[in-house]
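For the sequence shown, counting from 1, position 167 maps to 1312 in my numbering; every step adds exactly one.
Here is the structure we will look at.
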Amino acid sequence: MFKLSRHLHSAISPTNNKIAPLADPKGPLPADYPLPKPEYFELTNAVSTVCFEKPRDMLDWYPGPMIGAQAIGRNIMSSSKYVNRAVELLSVLTPDDYSDYMSRYYLEGKRRFGEAWGYADIVTTVLGLTDMIKPKRYLEIGVRRGRSACAVVSRALDCELALFDMWVENYAGMDNPGPEFVREELKRVGHKGKVEFINGNSHQTLPAYFQSNPDVTFDMITVDGDHTNVGAAQDLADVLPRVSIGGVVIFDDVCHPKLLGLGEVWRRQVVEDRRFSAWTYSDVGYGVGFAIRKI
Ligand SMILES: C[S@@+](CC[C@H](N)C(=O)[O-])C[C@H]1O[C@@H](n2cnc3c(N)ncnc32)[C@H](O)[C@@H]1O
C-alpha cells in the first residue's frame, strides 16, 4: 500500500558507520546534519471539529483545517484558563516532586503576572488543543507517569489511546512506574476509552505498530520520548505521516537548557514543512511546539 521509512532510519542511524554520530547526541544540531525524513502518503480523512465539510456537489476550494496554529496558540495563551486547568489536573493525579514543582510554578506565575502571564508548556498546550480538536484517537511517545495523556483524556473522556514507552528506569532522576500506574492515573481523570500500551524502544515499536496498522491515523500525537536529536527526529519522521488532516502533532522541550538541538529538530522536521501550520513557544520553561496538518 505504502512503504514505511525504516530504510531511512537505518541510513542515518548513529550505529550506521556511514554518518558520523554527533559528538553530543543532545547538544547543538549542525544545520547540515542529515535527519530522517517522513514518508508521507495521501490522506482523505479529516478531523471534523476543525475542517470544513463542503456540500457534496461543490468543489473543495479550501481543503484542510479552517483554523491555523497561530490562532489556536493565541487562544491557549490569551488567559490563565489552561494554567488553571493544569493546576486542577495535577491536583487529581498522584503527586511527585516534579508535579509539586509545576503546581507551585503555575500558582506563582498567576500570582505575579495574572492573566497576562502568557506561559505555555506541554500540559497547558495539550489541554487547549484537546478542547479545540476533541480527539477521538491519540498517540503518545514518552508517557512516564501519564501526565500529558491524562491532560488529553481529562478533556476527551472517550478518546482511544496508543501509548508508547520503554519505561526507562529512574528517568531523568525520577521514577517511571510503568503501565499499571498509568492505567490508574487515567481512571482518576475519568477515562472511559480504550488504551493500548506499546512497550519497548519506539524506534522498533513504532515501525512494527504501523506495519500492523497500515491505515491508522491519529487526531493528536505527542512526541516526548527519546530526547536525542536523531532519536527525536526519527520519532517525528515515523509519526508525522500518521497525523490526520486537521490533526495536531505536539513536540516538547524546544528550549530545554540541556537539550540544545531539539528546537532545530522541530524546525527542520515540521515548521519548515508546508504541510503544517506550526506554533512554537520557546520563551521560558522548557518550551513546546505544535502543528496542525493542512494537507
Ligand atoms: C519526558 S518523559 C515523558 C513525559 C510525559 N510526556 C509527560 O508529559 O509527563 C519521557 C519518557 O520517554 C520514555 N522514552 C525515552 N526514550 C524512549 C524510547 N526510545 N522509546 C520509548 N520510550 C522512550 C522514557 O521511558 C520516559 O518515560
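Glycine included, every Cβ here is placed at the ideal spot set by N, Cα and C.
Using the Cα positions of residue i and residue j, report the straight-line distance between them to the nearest angstrom.
i: L1407; j: R1201; result: 43 Å
i: K1148; j: L1381; result: Because K1148 carries a pLDDT of 36, less than 50, the predicted location of this residue cannot be relied on, and the following value inherits that uncertainty. When rounded, the distance between both Cα atoms is 16 Å.
i: G1335; j: R1300; result: 10 Å
i: L1174; j: V1416; result: 16 Å
i: P1240; j: Y1207; result: 45 Å
i: E1330; j: M1203; result: 46 Å
i: F1421; j: F1396; result: 13 Å
i: L1404; j: S1293; result: 19 Å
i: I1437; j: T1362; result: 14 Å
i: P1230; j: K1339; result: The residue asked about is misnamed: residue 1230 is Arg in this sequence, not Pro. About 24 Å.
i: K1439; j: I1390; result: 6 Å
i: G1370; j: D1398; result: 11 Å
Starting from the Cα of residue i, find the closest Cα among the options and give me that residue.
i: D1242; options: S1224, N1321 and K1337; result: N1321
i: D1364; options: A1214, S1236 and V1394; result: V1394
i: I1212; options: L1404, L1274 and R1300; result: L1274
i: T1189; options: P1183, E1198 and P1181; result: E1198
i: P1352; options: G1172, I1437 and E1184; result: E1184
i: R1413; options: C1196, L1252, P1179 and F1258; result: P1179
i: R1249; options: E1187, Y1354 and V1228; result: V1228
i: A1296; options: V1237, L1252 and T1350; result: V1237
i: M1277; options: S1427, T1194 and L1405; result: T1194
i: W1312; options: G1323, M1319 and C1304; result: G1323
i: H1348; options: A1378, F1421 and S1357; result: A1378
i: E1314; options: R1333, R1292, G1287 and K1339; result: G1287
i: S1225; options: L1167, D1205 and G1263; result: G1263
i: K1279; options: E1253, E1341 and C1304; result: C1304
i: S1427; options: A1176, M1222, G1259 and D1205; result: M1222
i: L1272; options: V1298, D1205, Y1251 and F1258; result: V1298
According to the Cβ coordinates, are residue i and residue j closer than 9 Å?
i: L1284; j: A1307; result: yes
i: V1384; j: V1410; result: no
i: C1400; j: G1376; result: no
i: V1192; j: L1234; result: no
i: I1366; j: G1345; result: no
i: G1328; j: D1310; result: It should be noted that the sequence gives Arg, not Gly, for residue 1328. Contact: no.
i: T1270; j: V1433; result: yes
i: C1196; j: P1210; result: yes
i: T1350; j: P1170; result: no
Q | Every unbroken beta strand (DSSP E) inside the region 1261-1344 [3 residues or more] | A | 1282-1286, 1305-1310 and 1340-1344
Q: Identify every run of the beta strand (DSSP E) within the region 1338-1414, keeping only runs that are complete inside it and at least 3 residues long; order them along the chain.
A: 1340-1344, 1363-1368 and 1388-1397
(Q) Quick check on the DSSP output: what are the complete beta strand (DSSP E) runs of length 3 or more inside the region 1176-1221, in order along the chain? (A) none
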